[in-house]
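Engineer:
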Ligand code: DQA
């Protein structure tokens with residue numbers, strides 16, 4: 002495994018300040034640090050990115066797919082809207098684990114549908130930053 006790519010979509014740069022009752026108090030930097038420590042212990046490179054722009058995520062998924070690097074993807078609200086992200090995963094054959102901090106199925110109905118899930122290897126939601134750690138464990142165990 003060359004590297005693990007963790008890709009974060011719109012508004013996740015606001016974590017820690019954004020709706021803390023739903024998303025908790027950890028910042029995106031805190032989550033990156035948690036993952037970085039686990040990857041370093043395994044000698045694996047972590048590529049950790051965030052963008053508010055759909056096209057950046059499309060390009061980064063393609064990049065990871067071409068590199069055969071596993072992806073942990075929290076696409077934020079693009080989860081529920083983006084055929085382009087679905088196509089990027091399918092088209093580049095990226096191995097993607099979809100993650101969410103919150104339990105999207107216990108929230109508004111518009112969050113119940115994901116365009117990512119049918120193209121993903123698995124889905125983890127509802128455990129805060131631990132969702133990312135569980136995805137990392139799945140990669141270490143299975144991929
Ligand atoms: C989210 C859930 C999405 O519905 C929301 O739009 C987000 C964050 C989560 O991590 O719980 O931005 O992906």
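In the numbering used here, the protein residues as written are 2 to 144.
Ideal Cβ positions, reconstructed from N, Cα and C, are used throughout, including at glycine.
Everything numeric in this text was worked out from a predicted model, so none of it was measured.
Taking all protein chains shown into account, decide if residue 51 is buried (16 or more other Cβ within 10 angstroms of its Cβ) or exposed.
Structural biologist: With 16 or more Cβ atoms within 10 Å of its Cβ, residue 51 is classed as buried.
Engineer: Please classify residue 117: does DSSP put it in a helix, a strand, or coil?
Structural biologist: Note: residue 117 maps to coil in three-state DSSP.
Engineer: Just the C-alpha distance for residue 123 and residue 97, rounded to the nearest angstrom, thanks.
Structural biologist: Near 7 Å, if we compare the C-alpha coordinates of residue 97 and residue 123.
Engineer: By alpha-carbon positions, which one of 86, 92 and 129 ends up nearest to residue 105?
Structural biologist: The candidate whose alpha carbon is nearest that of residue 105 is 129.
Engineer: Just checking my contact of residue 36 with residue 13 at CB under 8 Å: how many whole Å lie between their CB atoms?
Structural biologist: About 14 Å separates the two Cβ atoms, so there is no contact after all.
Engineer: Is it buried or exposed, residue 26, if we count other Cβ atoms within 10 angstroms and call 16 or more buried?
Structural biologist: When all chains shown are included, residue 26 counts as exposed.
Engineer: Please determine, among 102, 133 and 83, the residue with the shortest C-alpha to C-alpha distance to residue 127.
Structural biologist: Of the candidates 102, 133 and 83, the one whose C-alpha sits nearest the C-alpha of residue 127 is 102.
Engineer: Can you name the residues that DSSP bridges to residue 49?
Structural biologist: Paired residue(s): 7.
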